[in-house]
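Here the structure comes first, spelled out in structure tokens, and everything after it is commentary.
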Amino acid sequence: MTETEFNNSKLKVMLSAEQIKERIRQLGEQITNDYRGRDLLMIGVLKGACVFLSDLMRHIDLPMMVDFIAVTSYGAATKSSGEVRILKDSDASLRGRDVLIVEDIVDTGLTLSYLIDIFRRREAASVEIVAFLDKPERRIKHVDVKYVGFEIPNSFVVGYGLDYGERYRNLPFVGLVESLD
Ligand code: 5GP
């Protein structure tokens with residue numbers, strides 16, 4: 025892994041901007057083929073998925089709509105229960121639509137299994153997931169993730185939408201934080 029500096033923090037590049045660009049082009053092509061003739065509604069999970077969603081949607085060559093949801097888990101004590109609080113709900117009606125949840129990273133799987141449940145209850149025609157990153161080693165709850173950008177080992181990563189204390193979201197690559205400024 026190459027080392028780099030960003031605002032005086034040392035970072036190791038895990039996925040370069042070029043690697044990400046190429047993989048997103050492939051995912052866009054796959055989603056375009058799979059959703060042709062359907063009623064695609066992409067729902068991005070704020071804030072982490074905003075960079076991934078905005079790049080991915082420009083590689084989807086279909087009529088589609090986009091919406092956002094913001095969630096937070098109830099905190100460490102109740103994390104394993106999978107309780108998630110909605111901070112901002114989606115505005116669109118999901119009934120009969122083909123919902124594609126856009127997530128930055130699947131870790132324990134608790135957030136996504138909660139979202140799948142509530143979207144299914146709203147009578148979406150289908151609910152699938154596209155995740156930029158997947159850390160399968162950390163899974164507590166099984167979730168079927170239809171599209172995955174990259175599988176990564178169990179380490180804390182930042183960049184390309186992912187934060188550490190709200191910073192680093194603007195990095196054009198995915199990195200491991202080695203030291204902070
Ligand atoms: P889970 O799958 O555990 O319910 O939660 C996934 C959420 O945890 C992600 O949407 C992300 O906000 C956060 N998360 C998990 N792993 C990482 C990581 O390596 N880096 C960052 N920045 N956030 C992570």
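When we follow this note's numbering, the leftmost residue of the sequence shown carries the number 25, and every step to the right adds one.
Quick reminder that beta carbons are idealized off the backbone N, C-alpha and C, glycines included.
Alpha-carbon spacing of residue i relative to residue j, whole angstroms
| i | j | result |
| --- | --- | --- |
| residue 143 | residue 70 | 16 Å |
| residue 108 | residue 68 | 16 Å |
| residue 73 | residue 26 | 25 Å |
| residue 184 | residue 147 | 32 Å |
| residue 186 | residue 128 | 7 Å |
| residue 197 | residue 179 | 15 Å |
| residue 130 | residue 166 | 10 Å |
| residue 33 | residue 75 | 21 Å |
| residue 63 | residue 81 | 14 Å |
| residue 101 | residue 132 | Caution applies to residue 101, whose pLDDT of 47 falls short of 50 and renders its modelled position unreliable; the value that the coordinates give is listed next. Approximately 14 Å, taken between the alpha carbons. |
| residue 115 | residue 86 | 21 Å |
| residue 39 | residue 50 | 16 Å |
| residue 91 | residue 135 | 17 Å |
| residue 137 | residue 119 | 19 Å |
| residue 65 | residue 141 | 17 Å |
Closest Cα partner of residue i within the set the options
| i | options | result |
| --- | --- | --- |
| residue 176 | 200, 188, 54, 168 | 200 |
| residue 153 | 159, 141, 171, 147 | 171 |
| residue 110 | 116, 93, 141 | 93 |
| residue 169 | 182, 195, 139 | 139 |
| residue 181 | 53, 202, 60, 115 | 202 |
| residue 84 | 59, 125, 45 | 59 |
| residue 47 | 134, 28, 79, 189 | 79 |
| residue 174 | 45, 135, 35, 36 | 45 |
Buried or exposed (CB count within 10 angstroms, at least 16 for buried), residue i
| i | result |
| --- | --- |
| residue 149 | exposed |
| residue 158 | buried |
| residue 89 | exposed |
| residue 210 | Past the boundaries of the shown model lies residue 210; the chain is included only from 25 to 205, so the question cannot be answered. |
| residue 121 | buried |
| residue 117 | exposed |
| residue 61 | exposed |
| residue 164 | exposed |
Any C-beta of chain D under 8 Å from that of residue i
| i | result |
| --- | --- |
| residue 142 | Of the protein chains in the structure, only one exists, and it is not chain D. |
Same chain, Cβ closer than 8 Å to residue i, neighbours up to 5 away in sequence not counted
| i | result |
| --- | --- |
| residue 30 | 192, 195, 199 |
| residue 53 | 83 |
| residue 37 | 25, 26, 27, 28, 197, 198, 199 |
Residues near residue i in its chain [Cβ-Cβ closer than 7 Å; skip 5 each side]
| i | result |
| --- | --- |
| residue 113 | 93 |
| residue 162 | 131, 132, 178 |
Close-in-space but distant-in-sequence residues of the same chain around residue i (CB under 6 Å, 5 per side omitted)
| i | result |
| --- | --- |
| residue 155 | 127, 130, 169, 172 |
| residue 190 | none |
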